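Worksheet for the structure shown next.
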Amino acid sequence: MNAPRNLEFAPPDLPLRDDVRRLGALVGEMLAEQESPAFLEEVERVRTTAIARRQNGGGMASLSALLDGLEPAHAQALVRAFSTYFQVVNIAERVHRIRRRRDYQRAGGDKAQPDSLLDALRRLRAAGVEPTELLEWLERIDIEPVFTAHPTEAVRRALLEKEQIMVAALIDDLDGNRTPGERAADLARFRMALTSTWQTADSSPVRPTVDDEREHVGFYLTEVLYRIMPVFYETLEHALGDTFGIATELPRLLRFGTWVGGDMDGNPNVDANTIRNTLDAQRRAILGKYAAELQQLASVLTQSTGVVGVDAAVLERLEQYRALLPQAAAASRPRHADMPYRLLLELMRARLLATLEDQASGYGSPGEFAADLDLVRKSLEHNRGVHAGWFSVRRLVWRLRTFGFHLARLDVRQESTVHARAIAAALGDEQWESRDPVEQARILAGHAGAGQPLPQAGDEGNRRLDAVFGALVDARRRHGPDALGAYIISMARSRADVLAVLALARRGGLVDEAGRVPLDIAPLFETVDDLRHGPATLRDLLADPVYREHLQARGNVQMVMLGYSDSGKDGGIAASRWSLQRAQVELLQVAEEHGIRLTFFHGRGGSLSRGGSKTTRAVDASPRGSVDGRLRVTEQGEAIHRKFGIRALALRSLEQTTGAVLVSSIRPRPPEPREARWREVMDTVAEASSVAYRALVGASRFMDYFRSATPIDVIERMTLGSRPSRRLGEDAALSNLRAIPWVFAWSQARAVIPGWFGVGSGLQAAVERHGEEVLREMAADWPFFRTFLDDISMVLAKGDMGIAEMFSRLAGDELHAQFFPRIRDEHARTRDWVLRLNGHEFLLQHDQRLALSIRLRNPYVDPISVLQADLLRRWRASGREDDALLRALVASVNGVSQGVQNTG
């Protein structure tokens, strides 16, 4: 069993139970109104059957009898009905997290919310950290979530905005102090948003463009994170004062990055134009937010010179701007003549708008805008204005420090073979890609340094790359160096792969006044073999004099990106996790040998199969010294919505991340003498697990089985993202399939094979070789192994072998008989060993709140899965040409994604 049948809400969670019941009843009323009372009765009949099946441990026949053979439109309506139920469950849970946070804040005293900034600082104080040490570390903290366009849950912006309305309607009555009339109005608001959501299609029938993806990510940056950034720093200030008695001007700890518009790897829709358009659009978005805030500030800072003093520097700047912006100055109202702050803020806004138009009167840099704000802030401090607007000005200052004039740093990514083909064409060397990497590096050295430029070439690949580097040149000139992140090389395997980018950048004109390439180049180690050889690759790269000269100009800080997705697809979850852990340890050793600092960029996905995990646990489980004040990590798919969709939860997420980085950096866990032996045990787990995993996915006809036993053919037709689902051409081999659709498809089939397969074999092999006691010891005392087992437990709990078998039978008797027994047996083996080593009786015994959350969703997710299997069989029987069936299938994929979560 995945969980006990008698899970109950704990006393602190009883309000969540009440919300779920109340909102569930509201959904029922809406369905009866929008469809019919008979439809609602049918939904209830299916739901109670699904609950009974779970409670009695029965097969799928009872659900199939109710759901097989339905008309596509009716099946689609049922899917959307169940999706709506767990949409409100999701909302209720998120609001309950806000309720719990408020309960902690109201309680005050010694009880800080776990993993909050206050909790982290109290732990540091208890560990003997002094205020001076803490302040030194705060200057070094650099946390950068990077948003990527890899949606497996592509929520429309219109639906995101409706969700905000529903959340606000619940939050307004968290304290239960609303009047009956106000409560009725809240209910009406919720019902309006809920009904409007029902009447809106879940996804667009048109595949999103890069512009659409940028707008999607922009929602979280401008509508959520922009709002909460000052609150984050105010929370940290209060925690510092409460814990250490410190009152200080805080440095910037957080910034944000994006891949949208710059990730060219496998996506022909991303190029020099999208780089330019993205940077321009982000500039417009953030300057627009600043301009609106200045307008609000102008209505607040109405101090009159006849009542209170104003610094001479403010008056001088006002006169300067009247001369610089005569038209805007002439538009000022005469009755505001005695309000210098207001007048100056209006002219600052005019100068921002001139910046948008690239006019000479615009701001030349964010620093100039910051200087103006600083003048106002200091004047308020000097003239009794701390409680008369200073607070609001400082909030804008924090936003400016975080977002600059660029909103989020844009990374650029391309695969190494694209560069190699361009180099081959430029050098006229048809044998280039087959040459030894050492010889390639020797030839490239002259072109990567300031010596001989790489020859021009007229082929399409070189033209595109020249245009990209030309766009980066323009970006530095127009937007400043802070607008650009790293240039990431996918499938980087040698020093030559990095030198190729340096050579191409020089030819493209990306050179500063000193003749250096102002670009951080990050190799991405993706597969298990790449991770294993990554330390040797870095050592060879750092031994190259041309590259060391480049790195010295970049402050001797090297970024290395670690790929969680492809390594998991390549070798299985255990080998991936262990390869990533070992690679970090060995890469740190190489960096120390060469006297440089490393920044690890973690390419995590939303699902456990692709590195998704709770940030605090992931940081705690990372190797000692690997964080060192810096954390750069991708946020993608449904993880963005889950972490950053609601302001209070986005603030909580950033607090948790920052607290984890502070604790891990300042007081890392002490050296563990037993870890040498534990590493040997993990070597065995990883090796045996990978053997089992590769034996399955590499078996003859397994890809035929995969394409039949999952809805991958539906996913490939869905309009989820601008990037194709395969890395190369049309070959359907596993090596060419991207990790996201691979994981997504298995999650839909509820087998979730990438998240656990092989682990049981690996654990069993380790027990046979090293004994069970040492693995129990690892589960109890080693954060890496404990987190690993807990993550596997969650994946197993979200899967369902009964539903997986239903999908497996879609592959036909022969393939089903060949593969499903192996899957079922390994699943049982993995579950039994995870429970045994953790000393648990059921999955997620350590996290009963999550176990209950999954149980709440099962009665709604299971029917969608049964419908999906039936619809998939019928659609394939139609030759995949029945559009009505396809529409219902797409709805089912969206529904399972929202219900299961952590899917891709």
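Mapping to the working numbering: the sequence shown position 445 is 447, numbers consecutive.
Cβ atoms here follow ideal geometry from the backbone N, Cα and C, with glycine treated the same way.
Please read all numbers here as calculations on a predicted model, not as lab measurements.
Identity of the residue in A75, H76, F149 nearest I642 by Cα: Along the sequence shown, read from residue 1 onward, the residue named residue 642 stands at position 640. Of all alpha-carbon atoms in A75, H76, F149, the one lying nearest the alpha-carbon of I642 is that of F149.
Give me the DSSP bridge partner(s) of T659. Here residue 659 is taken as the residue at index 657 of the sequence shown, counted from 1. In the DSSP output, where bridge partners are listed per residue, T659 has none listed.
By how many angstroms is the C-alpha of A871 removed from the C-alpha of G897? Translated into positions along the sequence shown, residue 897 becomes position 895. Translated into positions along the sequence shown, residue 871 becomes position 869. Straight-line Cα distance between these residues: approximately 13 angstroms.
Considering just the uninterrupted stretch of the beta strand (DSSP E) at H604, what are its terminal residues? Position 602 of the sequence shown holds residue 604. Here the beta strand (DSSP E) through H604 covers 599 to 605.
A747 versus R103 - alpha carbon distance: Your numbering for residue 747 matches position 745 in the sequence shown. Your numbering for residue 103 matches position 101 in the sequence shown. Distance from the CA atom of A747 to the CA atom of R103, rounded to whole angstroms, is 35 angstroms.
Can you round the beta-carbon distance between V97 and L172 to whole angstroms, since I take them to be within the 8 angstroms contact cut? Looking up residue 97 in the sequence shown gives position 95. Looking up residue 172 in the sequence shown gives position 170. At roughly 5 angstroms, the Cβ-Cβ gap stays under 8 angstroms, so V97 and L172 are in contact.
Verify whether the separation of the beta carbon atoms of L506 and L467 is less than 8 angstroms. Stepping through the sequence shown from its first residue, residue 506 is reached at position 504. Stepping through the sequence shown from its first residue, residue 467 is reached at position 465. Their beta carbons are under 8 angstroms apart, which means L506 touches L467 by this criterion.
When the Cβ atoms of the segment 691 to 711 are set against those of the segment 664 to 681, are three or more pairs found closer than 8 angstroms? These segments do not touch.
Endpoints, the beta strand (DSSP E) within which R632 is located: Here residue 632 refers to the residue found at position 630 of the sequence shown. In the DSSP assignment, R632 falls within the beta strand (DSSP E) that extends over 632 to 637.
Expressed to the nearest angstrom, what Euclidean distance is found between the alpha-carbon atoms of Y695 and G573? One-based indexing of the sequence shown puts residue 695 at position 693. One-based indexing of the sequence shown puts residue 573 at position 571. Roughly 7 angstroms between the two C-alpha positions.
Going by alpha carbons, who is nearest to E43 out of L858, A54, E31? Translated into the one-based positions of the sequence shown, residue 43 becomes position 41. Taking only the C-alpha atoms, the option nearest E43 is E31.
Candidates F759, G570, A741, of which the one nearest I714 by Cα: Here residue 714 corresponds to residue number 712 of the sequence shown, with the count starting at 1. Closest in alpha carbon position to I714, among F759, G570, A741, is A741.
Own chain partners of R833 with C-beta closer than 8 angstroms, once the 5 adjacent residues on each side are dropped: Residue mapping note: residue 833 aligns to position 831 of the sequence shown, counting from 1. Here R833 has G762, L798, L845 as same chain residues with Cβ atoms under 8 angstroms from its own Cβ, once five neighbours each way along the sequence are excluded.
Per DSSP, R2 forms a beta bridge with which residues? Here the chain covers residues 3 to 906 and nothing more, so residue 2 does not appear.
Counting only the same chain and skipping the five closest in sequence on each side, list residues whose C-beta sits under 6 angstroms from that of M563. The sequence position of residue 563 within the sequence shown is 561, counting from 1. Cβ contact annotation for M563 (same chain, cutoff 6 angstroms, sequence separation greater than five): I490, A524, L526, F603, G605, in chain order.
Using only the alpha-carbon positions, how far apart do I425 and G510 sit? Start at 1 with the first residue of the sequence shown, and residue 425 comes out as number 423. Start at 1 with the first residue of the sequence shown, and residue 510 comes out as number 508. Roughly 13 angstroms separates the two Cα atoms.
Please determine if the segment 264 to 276 and the segment 414 to 430 are in contact, where contact requires at least 3 C-beta pairs separated by less than 8 angstroms. Counting Cβ pairs under 8 angstroms, three or more are found: they touch.
Whether A890 touches Q89 by CB criterion (8 angstroms): By one-based count along the sequence shown, residue 890 stands at place 888. By one-based count along the sequence shown, residue 89 stands at place 87. Not a contact, by the Cβ cut-off of 8 angstroms.
Where A222 and R679 are concerned, what is the direct C-alpha to C-alpha distance, given to the nearest angstrom? Here residue 222 refers to the residue found at position 220 when the sequence shown is read from its first residue. Here residue 679 refers to the residue found at position 677 when the sequence shown is read from its first residue. Reading off the sequence shown, one finds Tyr at residue 222, where the question assumed Ala. C-alpha separation (whole angstroms): 44 angstroms.
Once the 5 residues before and after R423 are set aside, which same chain residues still bring their CB inside 6 angstroms of it? Within the sequence shown, numbered from 1, the residue matching residue 423 stands at position 421. Correct list, in chain order: G463.
Tell me the DSSP secondary structure of R612 in three-state form. As a working note, residue 612 is residue 610 in the sequence shown. Per-residue confidence for R612 stands at a pLDDT of 47, beneath the threshold of 50, marking its modelled position as unreliable; no derived number is given.
R550: which of A593, P342, V513 sits nearest, CA to CA? For this step, residue 550 is matched to residue 548 along the sequence shown. That would be A593, whose Cα lies nearest to the Cα of R550.
If we call anything under 8 angstroms between Cβ atoms a contact, is V776 one with V683? In the sequence shown, the residue the question calls residue 776 occupies position 774. In the sequence shown, the residue the question calls residue 683 occupies position 681. Yes, Cβ-Cβ distance for V776 and V683 is below 8 angstroms.
Could you tell me whether the Cβ atoms of Q591 and P625 are closer together than 8 angstroms? To locate residue 591, count along the sequence shown from 1; it is residue 589. To locate residue 625, count along the sequence shown from 1; it is residue 623. Using a Cβ distance threshold of 8 angstroms, Q591 and P625 do not count as a contacting pair.
According to the neighbour-count rule (16 or more other Cβ atoms, all chains shown, within 10 Å of its Cβ), is H408 buried or exposed? Indexing the sequence shown from 1 puts residue 408 at position 406. By the neighbour-count rule (16 or more Cβ atoms within 10 Å), H408 is buried.
Let me know the alpha helix (DSSP H) ranges lying completely inside the segment 667 to 719, each 4 residues or longer, listed in chain order. You should have 677 to 699, 704 to 711, 714 to 717.
Close Cβ partners of R125 (< 7 angstroms) along its chain, the five nearest in sequence each way excluded: Residue 125 sits at position 123 when you count from the first residue of the sequence shown. The beta carbon of R125 is closer than 7 angstroms to those of V665 in its chain, skipping five residues each way along the sequence.
Do you know whose CA, among S581, H240, K164, V272, lies nearest E251's CA? Translated into the one-based positions of the sequence shown, residue 251 becomes position 249. The candidate whose alpha carbon is nearest that of E251 is H240.
Contact between the segment 434 to 443 and the segment 393 to 413: three or more CB pairs below 8 angstroms? Verdict: no, contact absent.
Could you say which of A767, T86, E807, R286 lies nearest to R216 if we only look at CA atoms? The residue you call residue 216 lines up with position 214 of the sequence shown. Residue nearest to R216 within the set A767, T86, E807, R286 is R286 (criterion: CA-CA distance).
Within the chosen definition, does the segment 800 to 811 reach the segment 822 to 839 through at least 3 CB pairs nearer than 8 angstroms? Touching, per the Cβ criterion.
Quick one: what's got a C-beta closer than 7 angstroms to L582's C-beta in the same chain, skipping five residues either side? Here the question's residue 582 lines up with position 580 in the sequence shown. Taken in chain order, the residues that qualify are L533, L564, Y566, S569.
Report all residues from its chain with a CB closer than 7 angstroms to the CB of V699; omit the five preceding and five following residues, and keep chain order. Residue numbering aside, residue 699 sits at position 697 when the sequence shown is read from its first letter. The answer, listed in chain order, is L736.
Per DSSP, which residues does M909 bridge with? Please list them. The chain is shown only over 3 to 906; residue 909 falls outside these bounds and no answer can be derived.
Segment contact flag, the segment 222 to 233 with the segment 110 to 119, C-beta cutoff 8 angstroms, min 3 pairs: No: the two stretches stay apart, fewer than three of their Cβ pairs being nearer than 8 angstroms.
In the DSSP assignment, find the alpha helix (DSSP H) that holds P785 and state where it starts and stops. By 1-based counting over the sequence shown, the position of residue 785 is 783. Note, P785: alpha helix (DSSP H), 785 to 800.
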